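*Asks:* There's a structure below that I have some questions on.
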Amino acid sequence: MHQFLQQIFSGLASGAIYASVALALVMIYRATDLVNFAQGEMAMFSTYIAWTLMNAGLPFWLAFLITLVVSFVGGMLIERVLIRPVENAPVLAAVVVTIGLLLIFNSVAGWIYTYTVQDFPSPFPDRPVFGALMTTQDLGVIAVTLVMLVLLFAFFRFTSTGLAMRAAAQNPESARLCGIPVGRMLAIGWGLAAAIGATAGIMVAPVLFLDPNMMGGVLIYAFAGALLGGITSPVGAVAGGLIVGVTENLVGTYLIASQLKLTVAFALIILVLVFRPNGLFGTAIVRRV
Amino acid sequence: MMDKSATFIAPETLAGDRYAGLTAGAWQWIAALIAIALVAALPFGLSKYHVFELTMVMIYAIAVLGLNILTGYNGQISLGHGGFFAAGAYTAAILMHRYGVPYWATLPPAALICFVLGVLFGLPALRFEGPYLALVTLAMALATPQLLKYFDTWTGGQQGINLAKPVPPAGLGIDRDRWLYLVVLVALLIAMRVAANMLHGRTGRAFVAIRDHPIAAAAMGINTARYKTLAFGTSTLFTGAAGALAAIVIGYVSPESYSIFLSVSFLVGSAVGGIATIGGAIVGGLFIQFVPNLANDVSDAAPWAIYGLAMLLFMYLMPRGVVGSLGPWINRALQRIMPHQTAFDDGAKE
Amino acid sequence: MAAQRALNTGLSALGFILAGVLAAAAGQYGPGVSDTEIKIGNTMPYSGPGSGYSSIGKSLTAYFAMINDQGGINGRKINFISRDDSYSPPKTVEQVRKLVEEDQVLLLFQSLGTPTNIAIRGYLNDNKVPQLFVGSGADQWNDPAHYPWTIGWQPSYGTEARIFARYVLKNLPNATIAVLYQNDDFGKDYLKGMRAGLGDKANKMVVATKSYETTDPTVDSQIVALQGSGANVLLTAAIPKFTTLAIRKVYDIGWHPTQFLNSVSTSVGSVMKPAGAEKGVGILSAAYTKDPTDPQWQNTPEYKDWLSWMKKYNTSGNVADAFAVYGYSTAQTLVAVLKACGDNLTRENVMREAVQIHDLKLPMLLPGITISTGADDYAPIKQMKLQKFDGRTWKVFGDIVSGSGG
């Protein structure tokens, strides 16, 4: 029983990591109808920026803030300069562009910062909690993820910019006719997603240790989590991420052939999706002729 | 919204028109034969290493052609074709290594097994679209190395399987590299012909109809489930056959050879060549084979960055892929010599 | 069988010696050699999931740059051609064919990885190209009967695991052992070697094993599960990042097994400190090279030489990176072999010199450990020393140990 609880809590801790990146994925999807495969690498790169600032002597929170701003602006620039040209092109072209960005960010980070694994300071103390089932570090990641979720949810639901952004994503032409600056909405969407990604990276680097390949595995699970929850739903993203984390841990522990953990975990996720093809919290897309 | 059909040598003729004494159809044959003769003669003027490289280009072209059928013509995205490539490769490898089957006899079973796998996979895939389908196929790509490592009595596990190098027929007097080049060339030509026949016929039209207007297609009586599954199966048949050829040419299979990056490469090659084209598959093969090497020459500190940059540039300049974007231009040029003819299907404009 | 193998080995060795004798008569050149240069080929994962090893490739380039500045080897500069294979065997095959057929290199040196090297081994042996000092710790590079042109360098993972097994049998006879291993040849070789070293006690003593993939973000789940088995010994066969994660988690959940780390992942600066130095006290491992972040070496002249090389030639490298020591030492081995060839730089003679190394001492190997090879001994380094972490540094103890070969 104790083992079971430990695995659940462990799963929640790693699930929070997936959930935070999944939030960024959902952000971009809601804003631009595109899955950004470069999200993980962008987050990693932002984390390196924060790391550089901290090495230069800045205190954690100042470095964090500056990184957020830089990431936001960077995300907007990427949308304007690199994604804009393929906005009206077939979807696949945009997908390939994000894949290209993934390669570029990964490679450049490796070139500038080398592949040596780095220590990353954590804003949270590292004390065991719940009788060593979790640490305050893990709780911190969960807490920050939930805060981001609430902010994001409120943004889309209650602000006019959020509403405008949803309109711009769903039907750009009509949105334009209503006077919504669609281009600017898309750019803001990417900027916000980049900022969320940066936050995720900074929260997560103390746990995973910082290296250019830090986010590779995370992105895959975050993608699964985002879709499991419903690619259009921030709540779904967090729920999906947490479920994926727990599932992965339980499968790894109790499955006899634990070397097939990844395979079985994905099989289970797909099984769920077969019954709910739009994810647990996603909205069904109604097709009209 | 996927690109429209653009194929090489499309049969859009006004019957009876003659150009310099020959029908358009005859000119097509002449052009095709000249091209094939040139390509077949090529390896004899190149070094063995370059022949090997071009053989790999053709193998990747067949794999990308499979993906084009599924994603380009039928609109179902796949991030998992590396897994089917591996299935074909390991089928060939196990048949050769364990059962002593000669290399050329491994192709039909590999293709058949991958067809069945594709159909089996395509059935549940019917439920999914867009990013969800991407996830399901991604899971396939990720599971493949794990499964290969796990069933190690069959697959040789981590060590992989070393394969005997094929011996060219004694009478011909050519070396192994050139022989394999010709074998793969024949396979590629057959693949392109079969694909062209299928995609220009009823099946292909059904695929495209399902891609563009699934509800209208169903309303017109097209059995979408059957055709989508068929698209999956034929797609994986091609890619699996390519995998078998790759195993024979490289002479070694291992789980590390079939990572997620391979699946991503196929998708990128598809997009760069022209997703809904047949000729684009060859361009895709060239891209996958040569651009990473060129990137390595440009920068050995950050080779992937150059590769990524190349992807971006290709997508900006030719968002429909090389063949997809250049097709209309070539058609226009052809119109000057042969009015009423198109080399590339122009389909309905968006 | 053994007699046949011995005969094969003997014949191969005789073949080399004969070839060498004949070639020595003239100052002969193999492909890629001229009066002014020697071309050496290498493949390395500079991109993709294996990119963490790319610093080895950079160290090799940097070392040869220094040798060239010092006048080269017997007056010839080294032209080191290193290509990216993304740790993908088909790519490795392609790059190696290019190196051999287009670039016409004399030999392949320190290509990295196990499946990647298996993929090219047949081709290189068929074409009689030396595959020297393979960058992998798999057991199979010591097979002169079947692959006389392929030779490894580092003590194999299996060897190391057998050393641990012997220690356990001698000092911890009531041990119950849990193993965390990476799900590939590297991790599995440790598991196999541990079982082999324990002999018929293996099934009783090894009570739990858990694997991880390099795409897993943490190994928390596996460590928790292994603790649940009640084992009192833990062997962690993982690359540095995951070793750090494991050490930290073991401590955090209050588990106190006797821990063994594999030698790849013992760096004080990159593994022990990030995990938390106090969390690693008492951990055992084996080593054959000096850890550049270990305080006990900092004032030695060998370390200072290495450091000044790092600062002058390997500027993109990290002074805490154990791979930089590894690359430095393997490069020195190759230089020693090429120097011994003199002006007789054919592939046969290079191979002959590579399998005739006697007690070569290298500055960054642990004191007492030397390199030796022979016609039927393709394991250049067979010795290691056990060491224990005291919170600040690794203290070697006991005698030099060697695992049984092959």
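Protein chains in written order, with my numbering: chain A, 1 to 289; chain B, 1001 to 1350; chain C, 2001 to 2406. Backbone N, C-alpha and C define an ideal beta-carbon position, used for all residues, glycine too. Quantities reported herein were computed from a predicted structural model and do not represent experimental measurements.
Compare the Cα-Cα distances from Phe9/A to each of Thr2315/C, Ala2225/C, Asp2359/C and Leu2169/C and report the closest residue.
*Replies:* Of Thr2315/C, Ala2225/C, Asp2359/C and Leu2169/C, the residue nearest in Cα terms is Ala2225/C.
*Asks:* Note down, in chain order, every chain C residue with its Cβ under 9 Å from the Cβ of Gly1251/B.
*Replies:* Those are Val2093, Ala2119, Gly2122 and Tyr2123, listed as they occur along chain C.
*Asks:* Below 9 Å on C-beta distance, what does Asp2252/C contact in chain A?
*Replies:* In chain order: Asp126, Pro128, Ala132 and Thr135.
*Asks:* Taking 9 Å as the CB-CB cut-off, is Lys2382/C touching chain A?
*Replies:* By this cut-off, Lys2382/C is not an interface position.
*Asks:* Cutting at 7 Å between CB atoms, please list the residues of its own chain near Val246/A, excluding the five before and the five after it.
*Replies:* Taken in chain order, the residues that qualify are Ile8, Gly11, Leu12 and Gly15.
*Asks:* Any idea what DSSP makes of Thr253/A, helix, strand or coil?
*Replies:* Residue state, collapsed to three classes: helix.
*Asks:* Phe2260/C lies in the beta strand (DSSP E); which residues open and close that run?
*Replies:* Run containing Phe2260/C: Thr2258 to Leu2261, per the beta strand (DSSP E) assignment.
*Asks:* What residues from chain B crowd round Pro277/A, counting only those whose CB sits closer than 7 Å?
*Replies:* Neighbours of Pro277/A on chain B, chain order: Arg1127, Phe1128 and Tyr1132.
*Asks:* Is any beta-carbon of chain C found at less than 9 Å from that of Gly1404/B?
*Replies:* It is not possible to answer for residue 1404/B, since the shown part of chain B is limited to 1001 through 1350.
*Asks:* Write down the C-beta distance between Ser2229/C and Phe2260/C rounded to the nearest angstrom, noting that I regard them as a contact closer than 8 Å.
*Replies:* In fact, because the Cβ distance is near 16 Å, the residues do not count as touching under 8 Å.
*Asks:* By a C-beta neighbour count over all protein chains shown, 10 Å radius and 16 as the cutoff for buried, is Lys2339/C buried or exposed?
*Replies:* Lys2339/C should be labelled exposed.
*Asks:* If you follow the alpha helix (DSSP H) that Ser2211/C is part of, which residue opens it and which one closes it?
*Replies:* No alpha helix (DSSP H) contains Ser2211/C, which is instead part of the beta strand (DSSP E) from Val2206 to Tyr2212.
*Asks:* Along chain C, which residues have their Cβ under 9 Å away from the Cβ of Gly1160/B?
*Replies:* Neighbours of Gly1160/B on chain C, chain order: Pro2089, Pro2115, Ile2118 and Ala2119.
*Asks:* Is Leu2345/C a contact residue of the ligand SAM, with contact defined as CB to any heavy atom under 8 Å?
*Replies:* You won't find the ligand SAM in this model; it holds no ligand whatsoever.
*Asks:* Distance, Cα to Cα, Val2233/C vs Thr2209/C?
*Replies:* Straight-line Cα distance between these residues: approximately 12 Å.
*Asks:* Does the beta carbon of Ser10/A come closer than 9 Å to any beta carbon on chain C?
*Replies:* Ser10/A counts as touching chain C.
*Asks:* Determine, for Asp2126/C, whether the minimum Cβ-Cβ distance to residues of chain A falls below 9 Å.
*Replies:* Chain A, which has no Cβ nearer than 9 Å to the Cβ of Asp2126/C, makes this no.
*Asks:* For the stretch 2031 to 2054 of chain C, which residues have a CB atom closer than 7 Å to at least one CB atom of chain A, in sequence order?
*Replies:* Hits within the stretch, in order: Ser2047, Pro2049, Ser2051, Gly2052 and Ser2054.
*Asks:* Kindly list, in the order they appear in chain A, the residues whose Cβ is closer than 7 Å to that of Asp2321/C.
*Replies:* Result: Thr116.
*Asks:* Give the single residue among Ser233/A, Thr253/A, Val264/A and Leu255/A whose Cα lies nearest to the Cα of Met280/A.
*Replies:* For clarity, residue 280/A is Leu in the given sequence; the question names Met instead. Among Ser233/A, Thr253/A, Val264/A and Leu255/A, the Cα nearest to that of Leu280/A is on Ser233/A.
*Asks:* If the cut-off is 7 Å on Cβ atoms, which residues from the stretch 247 to 269 of chain A count as contacting chain B, listed in chain order?
*Replies:* Within the stretch 247 to 269 of chain A, the qualifying residues are Ala257, Gln259, Leu260, Leu262, Thr263 and Phe266.
*Asks:* Report yes or no: do three or more beta-carbon pairs, one from the stretch 2166 to 2184 of chain C and one from the stretch 2137 to 2150 of chain C, lie closer than 8 Å?
*Replies:* Segments in contact, no.
*Asks:* Whole alpha helix (DSSP H) runs in the stretch 2295 to 2327 of chain C with 4 or more residues, listed along the chain?
*Replies:* List check, alpha helix (DSSP H) in window: 2301 to 2312.
*Asks:* When you check each C-beta in the stretch 215 to 226 of chain A against every C-beta of chain B, which residues fall closer than 8 Å?
*Replies:* From the stretch 215 to 226 of chain A, only Ile220, Phe223 and Ala224 have a Cβ closer than 8 Å to chain B.
*Asks:* Please classify Asp2126/C: is it buried, with 16 or more other beta-carbons within 10 angstroms of its beta-carbon, or exposed?
*Replies:* Exposed is the call here.
*Asks:* Chain C partners of Phe1266/B, CB-CB under 8 Å?
*Replies:* Correct list: empty, because the minimum Cβ distance to chain C is about 14 Å.
*Asks:* Based on DSSP bridge pairs, tell me the residues matched to Gly2135/C.
*Replies:* Per DSSP, Leu2112/C.
*Asks:* At a Cβ cut of 9 Å, what residues of the stretch 71 to 87 of chain A count as close to chain B, listed as they run along the chain?
*Replies:* From the stretch 71 to 87 of chain A, only Leu82, Pro85 and Val86 have a Cβ closer than 9 Å to chain B.
*Asks:* Kindly indicate the opening and closing residues of the beta strand (DSSP E) around Asn2349/C.
*Replies:* That residue, Asn2349/C, is in no beta strand (DSSP E); its alpha helix (DSSP H) goes Arg2347 to Ala2354.
*Asks:* For the putative contact between Thr293/A and Leu68/A, defined by C-beta atoms under 8 Å, what is the C-beta separation to the nearest angstrom?
*Replies:* The shown model of chain A, from 1 to 289, leaves out residue 293/A, and the question about it has no answer.
*Asks:* List, in chain order, every chain B residue whose beta-carbon is nearer than 7 Å to that of Lys2170/C.
*Replies:* Within 7 Å Cβ-Cβ: nothing; Lys2170/C doesn't reach chain B, min ~31 Å.
*Asks:* From the DSSP output, read off the bridge partner residues of Pro128/A.
*Replies:* Note: Pro128/A sits in a beta bridge opposite Thr135/A.
*Asks:* When you compare the CB positions of Gln2110/C and Asn2183/C, do they come within less than 9 Å of one another, or not?
*Replies:* Contact: no.
*Asks:* For Ile1976/C versus Ala2331/C, is the C-beta distance shorter than 9 Å?
*Replies:* The structure shown does not extend to residue 1976/C, since chain C is modelled only from 2001 to 2406, so the question has no answer here.
*Asks:* Just to check my reading of the structure: Gly216/A and Thr2215/C have Cβ atoms closer than 8 Å, yes? What is that Cβ distance to the nearest angstrom?
*Replies:* That pair is a contact at about 6 Å.
*Asks:* With distances taken from CA atoms, which of Ala2062/C, Leu2245/C, Ser2051/C and Ile2056/C is nearest Lys2311/C?
*Replies:* For the residues Ala2062/C, Leu2245/C, Ser2051/C and Ile2056/C, the minimum Cα distance to Lys2311/C belongs to Ala2062/C.
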